[in-house]
Every structure is written in C-alpha cells, then in structure tokens.
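Encoded as structure tokens, the structure appears first; notes follow it.
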Amino acid sequence: MAPNTRIRLIPLLLLCMSGASLAESLPPLKVAPDLLRGVRPAAVQAPESGVSTPAAEEPAAGEGAVAAGEALDPTAAKAPAAPVLPAATTPRAPIEERAVPADEPAAAAEAATAVPAPKSAADTQQREQSSATPAAPASAADTPVSRAPRDAQASAAPLPVGTTAITALRIHGSRGIELVAEGEAELQRDDTVLTADKVTYREPTDEAVAEGNVVLSRGSDTIKGPQATLVVGDRTGQFESPRYQLSRARGPALAGDAPRSVSGSGEADVLKLEGENQYRLKNATWTTCSPTDPDWYIKARDLELDYDREVGTARGGSIVFMDTPLFWMPWIEFPLNGQRQSGLLPPTFGSSNKTGVDFTQPYYWNIAPNYDATIAPRIMSRRGLQVGGEFRYLGADYQGTTRVEWMPEDRVTGEERRLGSIQHQHRFAPNLYGTLDLNAVSDDAYFEDLSSNIGVASRVNLLRQGLLSYSGGWWNASARVQSYQTLSPDPDKPKNVSPYRRVPQILVSALRPDLAGGLSAGMEAEYVRFEHELASRVDGDRFTAYPHLSLPMQGASWFVTPKVGVNYSQYSLDRPDVASQAGLATSITRSVPIASIDSGLFFDRETTAFGRDYVQTLEPRLFYLKVPYRDQSEIPLFDTSRYDVGFAQIFAENRYSGKDRIGDANDLTAAVTTRFIESDTGVERLRALIGQRYYFSDQKVGLNQSETLRESGRGAELLAGLGGRISRSVSIDSYVQYNTETNRSERINANVRYQPEFAKVLNLSYRYAPTLRIVDDIVGLEDIDVSGQWPIARNWYGVGRVTHSLKDDRVTEAVAGLEYDGGCWVFRTAVHRFAIDESDVTNAIFVQLELNDLAGIGSNPLSLIKRSVPGYGKINDSSADRVFGAE
C-alpha cells in the first residue's frame with residue numbers, strides 16, 4: 071500500500087557538480103545466513119563414527135597426517151601431527167574410481183574430508199583432550215579409497231545438516247585441531263560454501279582462514295576478496311578489500327508489478343560479518359547497477375547493511391551518477407529491497423506558466439505496516455508556499471486515504487487556497503459494504519491554477535458521497551447520500567449549474583431466474599429525495615418501481631427472450647410556486663407498460679484466408695421494443711439526459727438515462743456481427759458489425775420542446791463498426807453512426823495502431839461528433855490525434871502526442887518527451903501543453919532521473935506519457951512511486 075522506493079536524507083544538500091575521482095564500483099554486497107549455497111561433494115558414510123567423508127582420489131603420505139578419505143571423529147584419539155610431503159599438483163580432471171595400492175608412492179592427490187561442526191565448549195575440550203592420546207597411524211595401505219568424478223558430485227546425496235566438508239588438491243594437519251587445505255580448496259557447511267587457494271580450518275573454534283581468490287557464497291549471493299576470516303557457525307568474520315553481490319525478493323510491489331528480486335552490489339576496504347544478516351563496511355559503495363562498472367552508486371565512509379530490517383545506513387555518503395556526485399548526505403537510510411521506510415523522499419521539481427518553478431520535498435513517515443503518511447512542502451516561484459499531507463491506512467476490513475493541501479496566500483490571487491479529500495472503504499459484514507468519498511477545494515480555479523494535468527485541470531464536479539450497500543444473493547440494496555461541488559473556473563462564462571443532490575437515494579433490485587416454467591422475474595425500485603442549491607429549481611421526492619417477467623429460451627445456436635414489465639413512478643414536489651412557473655405539477659403518478667422480444671442466431675464455419683485457417687461466425691440479432699406514449703411534460707428533470715446512440719444503446723429499453731423520462735417506442739433493431747477467429751490460437755483477428763433501428767411510429771416523449779424526435783418510416787440510425795487485430799502489428803477499431811434521414815454522419819471514431827514490437831507503437835485516430843453533450847452544453851467535436859513511442863538511437867526513445875482540433879483549427883494538447891534506458895537507471899523528460907479553451911493555455915515541463923530500486927529524482931512524467939500514448943511500453947520496471955501531489 072505504500073511507497074516502495076524511499077530514501078532518507080538528513081540533511082539533503084545539492085552537491086557541487088565536481089568531477090571527483092571515484093573508486094570503481096563492484097558487484098552488490100549481500101551476506102546473510104541464507105546467503106551461501108554451493109554444490110555438495112560426493113561423500114561416503116563412515117561405518118561407526120557417523121561422520122560423512124567424501125572419498126579422495128589419492129591419499130597424502132605422512133604418518134599422523136589426515137589420510138585421504140579417512141573419517142575424522144572428534145571424540146577419537148588423535149595421533150600427533152606429522153609433516154606432509156609436498157606433492158606435485160596435477161589437473162583436477164574427473165577420473166575413474168580406483169583403489170590406491172599400498173606400495174604406490176606418494177603422488178599428487180585430491181583430498182577430501184568431512185567433520186561435524188562443533189556443538190559446544192565441552193565438545194571442544196573433549197576433542198582437545200582426546201587428541202593427546204596416541205593412536206595407530208592410518209596409512210595408505212590401510213585405507214583404500216576411491217574418488218568419484220567431479221561432475222558426479224552434484225547429484226550425490228546431501229551432507230547431513232551441520233556437517234563441514236572440506237575438499238582440496240592437498241589436505242594436511244591434525245584431526246580435531248587444524249586442517250590446512252591447499253589448491254582449489256573448498257569448505258562447505260549446509261548451503262554455505264567458502265572457496266580459496268588455501269583454507270585453514272580450526273575445528274575447536276569453528277574458524278576458517280581463507281587466502282587467495284576467496285569466495286563466500288550462498289544462493290545467488292557472493293562475497294569475494296583476497297583474504298577472509300570466518301567463524302562459520304556464528305556467521306561472523308572479516309573480508310579484506312571485498313567485492314559483494316546480495317539479492318533479496320523485492321518488497322511489496324505496486325499493482326501489476328511482476329515479482330522479482332533486488333540485487334545490491336559494491337566494494338569496500340573492509341567488510342565485517344556481524345552475525346546473521348548483519349554487515350558493516352568501511353569506505354564502501356552500494357548500487358543496483360552492474361557490479362563491474364556501475365553508472366550510479368551510493369558511496370559512504372561507513373555502510374551498514376541490515377537484511378533483517380532490509381535497510382541500509384550510510385554515513386558520510388553521497389549519491390554518485392556518472393562519476394559526478396549529485397547529493398552529499400552526512401547520513402542516509404535506504405531500502406535494500408525496495409520496501410518502504412520513513413525518511414525524506416527524493417524532491418520533485420518542474421515548471422509551468424501557471425506555477426513558475428515548482429519544487430516539492432516530500433517526507434514519508436512509515437508509521438506501521440498498515441499506516442503511513444506523507445508531508446510535502448511545495449514551493450512555487452509564482453504562487454508561493456503550499457503544504458500538503460496524505461495519510462493512508464489499511465485494515466482487515468477497511469482502507470482509505472485522507473489528503474489535504476493548504477496555501478496561506480497565493481501571490482497571484484492574494485487568497486488562501488485549500489484542498490481536502492477523504493476516500494474510505496469499509497466491510498462491516500460479509501455482505502455489507504460502505505464507502506465514503508468527500509472532495510472539496512476552496513475556489514473554482516484551484517485545479518486550473520495549481521495542476522499541470524489536463525484531466526485534473528478540467529474538472530467541473532467534485533463528488534461528495536456516502537454509500538452503504540448490501541448483497542443478499544438474489545437481491546441487493548443500497549443507500550446513498552450524494553452531492554457535488556461544481557466549479558466554474560472561467561469568470562467570463564456563465565456559471566456551471568451543479569447536479570441535484572440526492573439526500574438520500576435508496577435502491578433495491580432483485581432477480582429470480584429459477585421460477586417454474588423457466589420464467590425469470592426481477593424488479594428495480596428506487597426512492598430519491600432531490601434538492602438543489604438554487605431557489606429557482608424545484609425540489610422533490612421520486613419513487614419508481616419496475617417489476618418485470620421474462621421467459622428466456624435458448625439452444626446451441628439461437629436464443630429468444632420475450633419480456634414484459636411495468637414502470638411505475640410517483641413524484642411529490644416542493645416549491646409549488648416554482649413548479650407552477652415551470653409548468654410542473656406538484657404530485658404526479660406515471661405507469662408505463664414495457665414489452666420487448668430479443669432474439670438471435672449463431673452460425674459458424676471454417677474458412678481460409680491469407681494462408682491461415684479461421685472460424686468465421688455470423689450472428690444476426692433482432693430486438694423489438696414496444697412502449698406506449700405517456701405525457702411527461704409536467705415531470706421535472708432531476709437526473710435525466712439522452713443517451714448517445716451506440717451498439718449498446720440500440721438494444722436498450724429506454725433512450726434516456728435516469729428515471730424522469732420513459733421514451734415511447736415502437737421500433738425494431740436489426741444487427742448482424744461477423745468475426746474471424748484463428749483456428750489454432752483463438753485470436754479474434756477481425757470483427758465487423760452493422761445495425762439499424764426501424765421506427766413504426768413517431769417518437770413523442772422528449773426532454774424538452776427543442777429536442778429533435780424521430781418520425782416513423784424508414785430507419786434513421788445506421789451503425790457500423792470494424793475492429794480487430796488484422797495482422798501481428800496492425801490493429802484497428804472504428805465506429806460510424808449515420809443518419810439515413812439527413813444523409814449525414816452523426817458520429818465517427820476511427821483508430822489505427824501499428825505496434826510491431828515492445829516500445830514501438832504509432833497511433834492515429836479521428837473523432838467527429840457535430841453535436842456532443844458535455845454537462846448542459848451542446849458542442850461540436852472534430853479532431854485528429856497522432857501519438858507514438860519509438861526508439862530513436864541506442865537506448866533512446868521518443869514519445870509524443872498531438873491533438874489538433876479541425877473544428878477550431880488549433881492544437882488542443884501536445885506532449886513531447888525523451889526517455890533513456892541506462893539499464894539500472896532511466897532518464898525521462900517531457901513537455902506538456904494543453905488548452906482547456908483557446909484563451910487558457912497551460913505549459914509544463916517534467917524532468918526525472920530514476921535510480922532503479924532506490925529513488926526517482928525530479929518530477930515523474932510517466933503517468934502523463936502512459937495516458938497520452940495508447941500502447942506505451944514502460945522501458946524499465948519502474949520503482950519510482952507516485953510522489954505525493956502527483957495527479
């Protein structure tokens with residue numbers, strides 16, 4: 071629920087852009103108990119001691135030395151240590167198993183042994199005492215051994231838990247005291263693997279000293295260095311001049327993000343292992359880039375990596391990008407796996423002609439796993455100081471967000487400006503839910519002046535609503551209280567009229583499809599109290615009920631559904647003087663019977679086109695609707711408007727939204743759809759449909775006297791659509807509404823997309839609507855829109871969009887941007903220009919540097935780009951959260 075890339079900077083200073091010389095950054099560091107894993111060598115079980123002992127190829131000579139392949143029993147008497155004869159090294163190629171003859175001279179041997187890990191101080195003391203008791207030396211003749219090929223070891227049975235296995239070209243030393251492994255030495259316990267040129271293991275203290283090409287590994291985590299000391303069981307020790315790489319699963323992901331791991335790497339002068347999951351480094355670096363040559367990294371005098379809390383702490387540090395320090399920080403905490411944590415977020419900055427230079431420095435407070443807050447001071451060079459805050463919470467049965475913004479004084483308007491918003495969802499019982507959505511601003515021009523997002527700046531109505539709903543299986547009920555704050559940002563235009571308030575609205579719906587004889591019964595009922603802020607508008611109560619009965623009949627290739635019902639309405643209006651002036655009655659009752667028959671057929675056939683096999687369908691459909699005329703001129707319009715004609719609407723029972731008008735009808739809608747579906751993949755390549763409505767009587771019920779109604783005779787609306795993915799790269803989606811009476815098009819939408827591969831997309835669309843209702847205004851629309859994303863050079867991508875109004879002959883919105891994918895970082899910049907009307911133009915610029923899995927620095931244009939370019943491909947797995955204040 072919370073930001074997953076937080077960086078804590080106290081204090082944060084913009085650094086001198088000095089080209090300081092920096093040490094080369096190396097692979098990410100990560101050492102945890104679950105860090106180390108390796109391939110277990112082949113082993114044989116000793117018959118009495120119970121200690122697993124990998125077999126050796128040839129034993130090392132020398133009385134008292136550990137014989138190759140001999141089990142080391144720490145409780146047994148030990149012979150005094152004796153020198154081991156030097157042996158010539160040989161390649162470690164796999165060899166066949168063979169016995170070693172007793173008279174074979176000492177030769178190059180690959181030795182292996184295994185001992186149980188020390189368990190206590192008493193065990194250690196017992197081993198030391200028993201080692202003083204002489205025992206008969208084990209000779210090569212006494213212990214025939216065999217060595218399995220190296221490749222076969224991977225499939226061998228795992229070692230017993232807690233067993234320490236040591237392999238090398240040569241092993242010598244005293245059992246239970248000290249073993250020295252030289253030449254490709256390897257020490258393994260459980261999933262911890264330590265390799266080096268030389269490993270000295272002191273069993274009483276469980277200490278391993280490694281020299282030369284040291285590698286400590288577990289799973290995908292490694293630490294490398296020239297020298298290391300390690301207490302194996304305690305996970306403590308020290309590496310000299312280490313390079314490290316550590317991986318962890320990423321913290322809570324954003325919606326839609328695929329699970330993945332975060333790998334941190336770096337180098338240091340010294341790395342100290344301070345127990346499980348705890349690491350401390352001196353003069354170190356950390357990055358999520360490639361370990362060998364990172365483009366960015368955190369450089370610190372002291373660096374602590376706590377993989378219990380998944381938090382890194384750097385002291386005396388800086389963020390370095392392309393060998394240039396960007397920020398200097400005496401103290402910084404940062405997430406090791408993208409999880410959220412308290413601290414300063416990276417600042418956001420941008421510029422627009424409405425706000426001037428815009429800088430925000432958010433602070434994130436991780437209060438609890440299910441609570442957090444963000445405080446965001448914002449400085450606008452043209453407007454002044456604004457303070458914002460957001461509080462989020464999540465419980466087992468509820469969640470919500472509260473947001474506020476406050477500006478003491480706007481330098482341009484001289485006024486105090488405020489915003490408040492509350493969203494809450496609550497499950498009170500398994501079937502009982504509630505929501506609260508409250509929004510308010512201090513003035514009509516708030517969004518237009520302070521937002522750089524056209525979707526926000528053009529808001530007219532802010533919702534204020536409380537809703538309670540219950541699901542009872544075959545019936546549902548809800549209660550709502552709803553109102554709006556209506557904004558009129560342009561003082562030179564008439565004020566926008568707010569919608570009616572619903573105080574309250576109660577809805578009940580029921581459906582029983584399992585009645586006798588195949589009948590299906592349903593009902594929708596509603597009670598609403600309407601009130602309006604203007605005294606010139608009538609208030610009142612409305613009750614409606616629509617019981618209906620249908621008989622669905624269907625087969626494999628057909629369906630027929632006759633349906634009958636009665637729509638009953640009752641009105642009781644206040645303000646009789648206002649009602650009489652408007653020609654409205656104060657008490658109204660209306661009953662309208664409704665009858666319809668919906669039917670359709672399904673045909674399909676196999677066909678071949680363009681060298682591929684398809685299944686082609688043919689789906690004709692007929693819908694007849696009969697609704698008698700009722701005079702409704704005395705009924706007010708509380709929440710009703712006319713639907714735009716479309717494929718969904720031509721099969722609807724009412725051409726009006728809301729319940730204040732029930733349109734009379736005696737018409738037939740005929741439509742046919744055909745689809746081409748690939749036989750082998752099931753992909754719908756092409757979809758074409760055409761439909762027309764035929765009127766058998768004149769329409770009489772209208773919203774008002776100025777509305778144009780259809781007359782009987784031939785069909786009026788002819789609808790056609792064509793869409794689908796016609797090739798691997800090209801898809802289309804088009805819709806045309808044609809009036810056969812006036813012989814002109816009433817609506818056209820056409821979209822073509824070319825998308826040959828990821829991050830390559832071009833869109834072309836055309837929209838035409840000579841009469842379009844927006845709120846209470848009737849406007850015309852005709853524009854062409856071009857957008858796309860395309861690689862323009864190595865790792866560089868261009869994005870853009872231009873919307874040109876052909877009706878007004880002007881550009882209404884334009885976006886131009888560049889993106890660069892650096893692998894472990896992304897740079898984005900975008901310029902946005904939009905005009906709500908010809909005289910009100912907003913320009914904004916966005917610049918962001920995103921350091922993967924750490925932070926995004928600047929103002930994030932990603933949401934703008936994704937909204938502007940359909941089919942846009944995100945070039946990285948973004949970890950930059952929505953910064954507070956972004957819309």
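Here the working numbering is used: the first residue of the sequence shown is 71, the next is one more, and so on. The beta-carbon is built from N, C-alpha and C at its ideal position, and this holds for glycine as well. Just so we're clear, the structure is a prediction, and the values are computed from it rather than from any experiment.
Alpha helix (DSSP H) containing F64: first to last residue?
Residue 64 falls outside the range modelled here, since the chain spans only 71 to 957, and no answer is possible.
Per DSSP, which residues does Q807 bridge with? Please list them.
Its beta-bridge partners are L789, R817.
Do the stretch 398-408 and the stretch 421-433 meet, that is, are 3 or more Cβ pairs less than 8 Å apart?
Contact between the stretch 398-408 and the stretch 421-433 is absent, because fewer than three Cβ pairs lie under 8 Å.
For Q775, count neighbouring Cβ atoms within 10 angstroms of its own Cβ and tell me buried if that reaches 16, exposed if not.
Exposed, because fewer than 16 other Cβ atoms sit within 10 Å of the Cβ of Q775.
Considering A298, what are the terminal residues of the beta strand (DSSP E) in which it resides?
Segment 291-301, the beta strand (DSSP E) holding A298.
For H618, is the classification buried or exposed, using 16 other Cβ atoms within 10 angstroms of its Cβ as the cut-off for buried?
Counting Cβ neighbours within 10 Å, H618 comes out buried, since at least 16 surround it.
Residue range of the alpha helix (DSSP H) that Q651 falls in?
That run of the alpha helix (DSSP H) goes 646-651.
Along the chain, where does the alpha helix (DSSP H) that runs through S933 open and close?
First-last of the alpha helix (DSSP H) with S933: 932-938.
Within a Cβ cutoff of 8 Å, which residues of the same chain sit near Y867, ignoring the five residues on either side of it in sequence?
Correct list, in chain order: A829, Q859, W860, P861, L888, E889, Y890, D891, I945.
Which stretch, first to last residue, makes up the beta strand (DSSP E) that contains G941?
It is not in any beta strand (DSSP E) - G941 carries neither H nor E in the DSSP assignment.
How far does the beta strand (DSSP E) with W435 in it extend, from its first residue to its last?
Where W435 is concerned, the enclosing beta strand (DSSP E) stretches over 433-438.
Inspect the beta-carbon positions of V474 and G459 and report whether they are closer than 8 Å.
Yes, the Cβ-Cβ distance between V474 and G459 is below 8 Å.
Report buried or exposed for K563, applying the criterion of at least 16 other Cβ atoms within 10 angstroms of its Cβ.
Classification for K563: exposed.
Using the C-alpha atoms, what's the distance from D878 back to E908?
Their Cα atoms are separated by approximately 9 Å.
Tell me which same chain residues have a C-beta within less than 6 Å of the C-beta of P940, skipping the five on either side of it?
So the qualifying residues of the chain are N833.
Using C-beta distances below 6 Å, list every residue in its chain close to D372, excluding the 5 sequence neighbours before and after it, in chain order.
Answer for D372: R385, listed in chain order.
Quick one: grab the DSSP three-state call for F721.
Helix, per DSSP.
Suppose you measure from the CA of Y942 to the CA of R864; what does that come to, to the nearest Å?
Distance between the alpha carbons of Y942 and R864: 18 Å.
My understanding is that L577 touches S606, with C-beta atoms under 8 Å, so please give their C-beta distance in whole angstroms.
Wrong, their Cβ atoms sit about 29 Å apart, outside the cutoff.
CB-CB under 6 Å to Q196, same chain, minus the five flanking residues each way: which ones, in chain order?
Low confidence applies to Q196: its pLDDT is 39, below 50, so where it sits in the model is not reliable, and the reading given next is rough at best. So the list is empty, once near-sequence residues are dropped.
Check the C-beta distance from L464 over to N440 and give it rounded, since I have them as a contact under 8 Å.
That belief holds up - the Cβ atoms of L464 and N440 are roughly 4 Å apart, short of 8 Å.
Among the residues of its own chain, which have a CB less than 6 Å from the CB of S491, if the five just before and after it don't count?
Excluding residues within five positions, the ones whose Cβ falls inside 6 Å are R473, N509.
Helix, strand or coil: how does DSSP classify T255 here?
The amino acid at residue 255 is misidentified as Thr; the sequence shows Ala. Strand, per DSSP.
Less than 7 Å separating the Cβ of G504 from some heavy atom of the ligand MG?
Absent from the structure shown: the ligand MG. Ligands present: none.
Leaving out five residues before and five after M477 in sequence, what residues of the same chain have Cβ atoms less than 6 Å from its Cβ?
So the qualifying residues of the chain are Q456, R487.
Would you mind working out which of A652, A722, R318 sits nearest T358, comparing C-alpha positions?
It is R318 whose Cα lies nearest to the Cα of T358.
Can you list the alpha helix (DSSP H) stretches of 4 or more residues lying completely in the stretch 305-364, in chain order?
With a minimum length of 4 residues, no continuous alpha helix (DSSP H) run stays inside the stretch 305-364.
Mind checking V753: buried by the 16 CB within 10 Å criterion, or exposed?
Burial call: exposed.
Is G543 helix, strand or coil by DSSP?
Note: G543 maps to coil in three-state DSSP.
For a test of the three-state rule: what should DSSP assign to G970, helix, strand or coil?
Lying outside 71 to 957, the shown extent of the chain, residue 970 is not represented and no answer is given.
Among all the DSSP beta bridges, which residues are the ones paired with E374?
E374 pairs with R350, T383.
Ends of the beta strand (DSSP E) at K696?
That run of the beta strand (DSSP E) goes 682-697.
By DSSP, does G728 sit in helix, in strand, or in coil?
Note: G728 maps to coil in three-state DSSP.
Please classify N930 as buried or exposed, where buried requires at least 16 neighbouring CB atoms within 10 angstroms.
That one is buried.
Quick one, which of A446, S451, T394, T444 has its alpha-carbon nearest G420's?
Comparing Cα positions, the closest option is S451.
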